[in-house]
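Student: This is the structure I have questions about; it appears just below.
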Amino acid sequence: MDQKILWDCHMHSSFSADSDTPMEDMIQTASDLCLEGICFTEHLDPDYPKTPEGLDFSLDIPAYRSRLDELKEAFNDQISVNFGIELGLQPHLAGTFSELLKEVPFDFVIGSSHLVHGYDPYYPDFFEGRRESECYMEYFESILENIAAFDEMDVYGHIDYVVRYGPNQNRQYSYGRYKEILDEILRTLIRKNIGIELNTGGYHYGLGEPNPCVNVIRRYHELGGEIITIGADAHTPDKIGYAFDKAADVLRECGFSYYTVFQNRQPVFHKL
Numbered sequence: 001m002d003q004k005i006l007w008d009c010h011m012h013s014s015f016s017a018d019s020d021t022p023m024e025d026m027i028q029t030a031s032d033l034c035l036e037g038i039c040f041t042e043h044l045d046p047d048y049p050k051t052p053e054g055l056d057f058s059l060d061i062p063a064y065r066s067r068l069d070e071l072k073e074a075f076n077d078q079i080s081v082n083f084g085i086e087l088g089l090q091p092h093l094a095g096t097f098s099e100l101l102k103e104v105p106f107d108f109v110i111g112s113s114h115l116v117h118g119y120d121p122y123y124p125d126f127f128e129g130r131r132e133s134e135c136y137m138e139y140f141e142s143i144l145e146n147i148a149a150f151d152e153m154d155v156y157g158h159i160d161y162v163v164r165y166g167p168n169q170n171r172q173y174s175y176g177r178y179k180e181i182l183d184e185i186l187r188t189l190i191r192k193n194i195g196i197e198l199n200t201g202g203y204h205y206g207l208g209e210p211n212p213c214v215n216v217i218r219r220y221h222e223l224g225g226e227i228i229t230i231g232a233d234a235h236t237p238d239k240i241g242y243a244f245d246k247a248a249d250v251l252r253e254c255g256f257s258y259y260t261v262f263q264n265r266q267p268v269f270h271k272l
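Numbering (the UniProt record's numbering), first residue to last: 1 to 272.
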C-alpha cells in the first residue's frame with residue numbers, strides 16, 4: 001500500500017495575524033490525524049498595508065519560538081514539530097530578511113508573494129477596473145522581482161496564490177495561458193536551488209486544484225525541479241492535512257516519487 005503524506009509543512013496559529021487558533025490545538029489535531037510531523041510557518045509581512053480588519057502581520061519571533069519549543073517538548077512522544085516562517089516578500093525587504101535568517105535558526109523558510117506593489121489580491125481593490133489577466137500577469141512579474149532581490153528562502157509558496165481571489169478564480173486561468181512567465185519563474189527557482197510547494201489550499205478555496213496548479217507542478221518536474229514540500233496552509237485545525245490524498249496522487253502524476261521536508265534548512269526526501 002502506498003505510503004501517504006505524513007508531514008504538513010505549511011500551517012499557522014494565533015501567532016499569525018489571520019489565525020485565532022492556539023498552537024497546541026493545531027499540534028493535537030495533527031497528532032490525532034496520525035501525522036508524523038508538522039512545521040509551523042507563521043506569517044511575517046513587514047510593511048503590510050492597513051486592512052479593514054486592522055490585521056498586523058508583524059511577528060513576535062521570540063515569543064513564537066519559545067512557545068513552539070515548549071510544545072515541541074510536550075508533544076515529543078506524539079509528533080515532530082518544526083520551526084518555520086512564511087516571509088511576505090517585497091524587494092525592499094531583502095536586507096531585513098537576510099539579517100533575520102542569519103540570526104534565527106529556522107528549520108524551514110517559505111518565501112511568498114502576498115503583496116503586489118502594495119496591494120494584496122485578497123482584497124477586491126487589486127482587481128478593480130482592470131482585466132483579470134492583467135492582474136495575474138502583474139502578480140507573476142512581481143514574483144520575478146522578489147526572487148531577483150532575495151533568494152534565501154527554501155521554497156516559493158503557493159506560486160499562483162492570486163487565482164484564489166480573482167473575480168473568476170481559475171476559470172480563465174491555466175498554465176498554458178501564462179506559460180512564458182511561469183517557465184521563467186520555475187527556471188529561475190531551479191537555478192537558485194529554491195523549491196516550490198504543493199499547497200492544498202487551492203482545494204479548500206474551491207479551485208479543484210492545488211496552488212500552483214497541476215500543470216505548473218508537472219512543468220517544474222519536467223524542467224528538473226526536485227524540491228517540493230506539501231502544506232495545507234491551515235489556519236484552523238479542520239484544514240490540517242487537507243486533501244493530502246489528492247496531493248500524493250498529483251505528485252505521482254507529475255513524475256515525483258517523493259516529497260520534501262526541511263530540517264535545519266536542509267531538504268530531507270520522503271518516499272510517497
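Where is the CB? At the ideal position from N, CA and C, for every residue including glycine. In this text the structure is predicted, and so the values were computed from the model without any measurement.
1) Tell me whether M1 is buried or exposed, calling it buried when 16 or more other Cβ atoms sit within 10 Å of its Cβ.
2) Quick check on this structure: which residue in P52, L189, Q266, R67 has the alpha carbon closest to the alpha carbon of D107?
3) Kindly identify the DSSP beta-bridge partner or partners of P267.
4) Under a Cβ-count criterion, where at least 16 other Cβ atoms within 10 Å of its own Cβ denotes burial, should G84 be classed as buried or exposed?
5) Measuring only the C-alpha atoms, how far is D56 from I240?
6) Give the straight-line distance between the Cα atoms of I185 and V155, rounded to the nearest whole angstrom.
7) Determine whether the beta carbon atoms of L223 and I181 lie at a separation below 9 Å.
8) Using the Cβ count rule (16 or more neighbours within 10 Å means buried), how would you classify R219?
9) Run through the DSSP bridge pairs and tell me what G111 is partnered with.
10) Beta carbon of T188: closer than 8 Å to some heavy atom of the ligand NAD?
11) Out of E226, R177, N168, point me to the one whose CA is closest to residue 342's CA.
12) Tell me the DSSP bridge mates of M11?
13) State buried or exposed for Y258, treating a residue as buried only when at least 16 other CB atoms are found within 10 Å of its CB.
14) For S257, name the three-state secondary structure that DSSP assigns.
15) Can you check DSSP and say which residues form a bridge with V116?
16) Specify the secondary structure class of N170 as computed by DSSP and reduced to three states.
17) Considering just the uninterrupted stretch of the beta strand (DSSP E) at L189, what are its terminal residues?
Tutor: The relevant details are as follows:
1) On the sequence shown, residue 1 is found 1 positions in, with the first residue counted as 1. Bear in mind that the predicted position of M1 carries a pLDDT of just 32, short of 50, making it too unreliable to give a figure here.
2) Reading the sequence shown from its first residue, position 107 is the one you call residue 107. D107 has its Cα closest to that of Q266, out of P52, L189, Q266, R67.
3) Stepping through the sequence shown from its first residue, residue 267 is reached at position 267. F262.
4) Sequence index remark: in the sequence shown, residue 84 carries index 84 (1-based). Classification of G84: buried, given that the 10 Å Cβ count is 16 or more.
5) Within the sequence shown, residue 56 is the residue found at index 56, counting from 1. Within the sequence shown, residue 240 is the residue found at index 240, counting from 1. If you take the alpha carbons of D56 and I240, they lie about 24 Å apart.
6) Looking up residue 185 in the sequence shown gives position 185. Looking up residue 155 in the sequence shown gives position 155. Looking at the two C-alpha atoms, the distance is approximately 12 Å.
7) Translated into positions along the sequence shown, residue 223 becomes position 223. Translated into positions along the sequence shown, residue 181 becomes position 181. Contact flag unset, no.
8) As a position in the sequence shown, residue 219 is number 219, starting the count at 1. When all chains shown are included, R219 counts as buried.
9) Counting from one through the sequence shown, the residue named residue 111 turns up at place 111. DSSP output for G111 lists L87, Y156 as bridge partner(s).
10) Judged by which ligands are present, the structure shown has none, so any question about the ligand NAD falls away.
11) Missing from the structure shown is residue 342; the chain here goes from 1 to 272 and no further.
12) Position 11 of the sequence shown, counted from the first residue, corresponds to residue 11. Paired residue(s): F40, A234.
13) As a working note, residue 258 is residue 258 in the sequence shown. Classification for Y258: exposed.
14) The residue you call residue 257 lines up with position 257 of the sequence shown. Of the three classes helix, strand and coil, the one that applies to S257 here is coil, per DSSP.
15) Taking the first residue of the sequence shown as position 1, residue 116 is located at position 116. V116 pairs with Y119.
16) Indexing the sequence shown from 1 puts residue 170 at position 170. Three-state DSSP puts N170 in coil, outside helix and strand.
17) Mapped onto the sequence shown, residue 189 falls at position 189. Element bounds for L189: not the beta strand (DSSP E) but the alpha helix (DSSP H), 179-191.
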